[in-house]
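Enquirer: Residue numbers (my numbering): 72 to 302.
In this text, a Cβ means the ideal position worked out from N, Cα and C, and glycines have one as well.
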Amino acid sequence: MTTTSYTPAEIIDRLTALYGQPEWRPHGDAIAELVLTLLSQNTADSNSGRAFNRLLQRFPDWQAVAGAPVDAIEDAIRPGGLAPTKAPRLKAMLTEIKQRTGAFDLRFLEDLPVDQAREWLRTLPAVGPKTAACVLLFGLGMPGLPVDTHVYRVAVRLGLVSPSLTPEKVQTQLEADVPPADHFRFHVLLIRHGRHMCSARAPACPPCPLLPQCPTGRQIVNPALSASNGL
Ligand code: SF4
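Given below as structure tokens:
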């Protein structure tokens, strides 16, 4: 960590007081999470949700998607944007799962150590660190800390990570710094904070419960004081 003196537990406590306790209810369907996360890349959640629902309406199961022509998949997921890119990736990912496991069921990952489960997911086509973490966290109920734009921005502003790090490296660092049992709460609370208070353009620092030890907030609220403190 860099200049903040808040621990992850303190951040969780302060943000829980503001937003309430997030409930971790993993849904158990790792393949659905993989597909949804792939569809959500570079698009709004509402669009990827529509694309996902159309996929489920047009194909009876994942086997049918894997066996379908790419243009049929592309047509089904068009509302999600970037369909020409995502359709072949989706087909390749599902085909690989079937080839490796003989089925469309990834519950065996729950029995692996988390590092092995993550590695297994990472070697699928089109699955990067963020997608693997989403599947672990939301699909399988295992530790993982996906770094989206909100998590990245708030973590950098709080001084938890260096702004020179890529989102992938930020994810690696946060997964090491935040206790695994807290990954879900930390992830959800930073997203809520990024959406409601620590927005990209105009962070609402004065009422923020993290202001006392947030280097960015102190700089915004009182630039002269921050400068004299060497921040
Ligand atoms: S003090 Fe400002 S910059 Fe820091 S976390 Fe709060 S809203 Fe974001």
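Quick one: does residue 82 have its CB under 8 Å from some CB of chain C?
Expert: Of the protein chains in the structure, only one exists, and it is not chain C.
Enquirer: Under 8 Å, with one C-beta from each stretch per pair, do the region 215-234 and the region 249-262 reach the 3-pair mark?
Expert: Touching, yes, given that three or more Cβ pairs across the two stretches are closer than 8 Å.
Enquirer: Could you tell me whether the region 186-206 touches the region 75-91, using the rule of 3 or more Cβ pairs below 8 Å?
Expert: No, they do not touch.
Enquirer: Can you tell me which of 149, 232, 263 puts its alpha carbon nearest to the alpha carbon of residue 117?
Expert: By one-based count along the sequence shown, residue 117 stands at place 46. Checking every option, the nearest Cα to that of residue 117 belongs to 149.
Enquirer: Counting only the same chain and skipping the five closest in sequence on each side, list residues whose C-beta sits under 7 Å from that of residue 144.
Expert: Numbered from its first residue, the sequence shown carries residue 144 at position 73. Result list for residue 144: 136, 158, 161, 162, in chain order.
Enquirer: Quick check on this structure: which residue in 128, 101, 273, 243 has the alpha carbon closest to the alpha carbon of residue 164?
Expert: What you label residue 164 is simply residue 93 of the sequence shown in a count that begins at 1. With distances taken between Cα atoms, residue 164 lies closest to 101.
Enquirer: How long is the line joining the alpha carbons of residue 110 and residue 119, rounded to whole angstroms?
Expert: Your numbering for residue 110 matches position 39 in the sequence shown. Your numbering for residue 119 matches position 48 in the sequence shown. Each residue's Cα considered, the two are about 5 Å apart.
Enquirer: Just to be sure I understand the criterion: a residue counts if its Cβ is closer than 7 Å to at least one heavy atom of the ligand SF4. Which residues meet that?
Expert: The set, ordered by position in the chain, is 225, 228, 229, 264, 268, 269, 274, 275, 276, 279, 281, 282, 285, 287, 288, 291.
Enquirer: Pick helix, strand or coil for residue 133, following the three-state DSSP scheme.
Expert: For the purposes of this step, residue 133 is taken as residue 62 along the sequence shown, with counting starting at 1. Correct three-state label for residue 133: helix.
Enquirer: Let's test the definition: count the other Cβ atoms within 10 Å of the Cβ of residue 221 and tell me whether it reaches 16, buried, or not, exposed.
Expert: As a working note, residue 221 is residue 150 in the sequence shown. It is buried - the Cβ of residue 221 has at least 16 other Cβ atoms within 10 Å.
Enquirer: Just mark residue 151 as buried or exposed, buried being the case when its beta carbon has 16 or more other beta carbons within 10 Å.
Expert: Residue mapping note: residue 151 aligns to position 80 of the sequence shown, counting from 1. When all chains shown are included, residue 151 counts as buried.
Enquirer: State the CB to CB distance for the pair residue 108 and residue 206, rounded to an integer number of angstroms; the pair is presumed to be in contact (CB under 8 Å).
Expert: Numbered from its first residue, the sequence shown carries residue 108 at position 37. Numbered from its first residue, the sequence shown carries residue 206 at position 135. Contact holds; Cβ gap of about 7 Å.
Enquirer: Residues in its own chain within less than 6 Å of residue 244 by CB, not counting five upstream and five downstream?
Expert: Locating residue 244 in the sequence shown gives position 173, where the first residue counts as 1. Hits under 6 Å: 232.
Enquirer: Report the rounded CA-to-CA distance for residue 73 versus residue 94, giving the unit in angstroms.
Expert: If you number the sequence shown from 1, residue 73 lands on position 2. If you number the sequence shown from 1, residue 94 lands on position 23. Per-residue confidence for residue 73 stands at a pLDDT of 47, beneath the threshold of 50, marking its modelled position as unreliable; the derived number appears in the next sentence. If you take the alpha carbons of residue 73 and residue 94, they lie about 29 Å apart.
Enquirer: Assess contact between the region 122-131 and the region 282-291, defined as three or more Cβ pairs (one per stretch) separated by less than 8 Å. Is contact present?
Expert: Output reads no: the region 282-291 does not touch the region 122-131.
Enquirer: Which of helix, strand or coil does DSSP assign to residue 216?
Expert: Within the sequence shown, numbered from 1, the residue matching residue 216 stands at position 145. The answer is coil: DSSP assigns residue 216 none of H, G, I, E or B.
Enquirer: Using C-beta distances below 7 Å, list every residue in its chain close to residue 129, excluding the 5 sequence neighbours before and after it, in chain order.
Expert: Counted from its first residue, the sequence shown places residue 129 at position 58. Within the same chain, residue 129 has close Cβ partners 147.
Enquirer: From residue 204 to residue 225, what does the alpha carbon distance come to, in whole angstroms?
Expert: Along the sequence shown, one-based indexing puts residue 204 at 133. Along the sequence shown, one-based indexing puts residue 225 at 154. About 18 Å.
Enquirer: Compare the C-alpha of residue 263 against each of 78, 187, 92 and name the closest.
Expert: Locating residue 263 in the sequence shown gives position 192, where the first residue counts as 1. Measuring from the Cα of residue 263, the nearest candidate turns out to be 92.
Enquirer: In this structure, how does DSSP classify residue 73 when only helix, strand and coil are distinguished?
Expert: Taking the first residue of the sequence shown as 1, we reach residue 73 at position 2. A caution first: residue 73 carries a pLDDT of 47, below 50, which makes its placement in the model unreliable, though a value can still be read off. Residue state, collapsed to three classes: coil.
Enquirer: Quick one: residues in its chain with C-beta nearer than 8 Å to the C-beta of residue 242, no 5 flanking neighbours on either side, listed in chain order?
Expert: For the purposes of this step, residue 242 is identified with residue 171 of the sequence shown, where counting begins at 1. Once the five neighbours on either side are set aside, the close Cβ partners of residue 242 are 200, 201, 204, 216, 217, 218.
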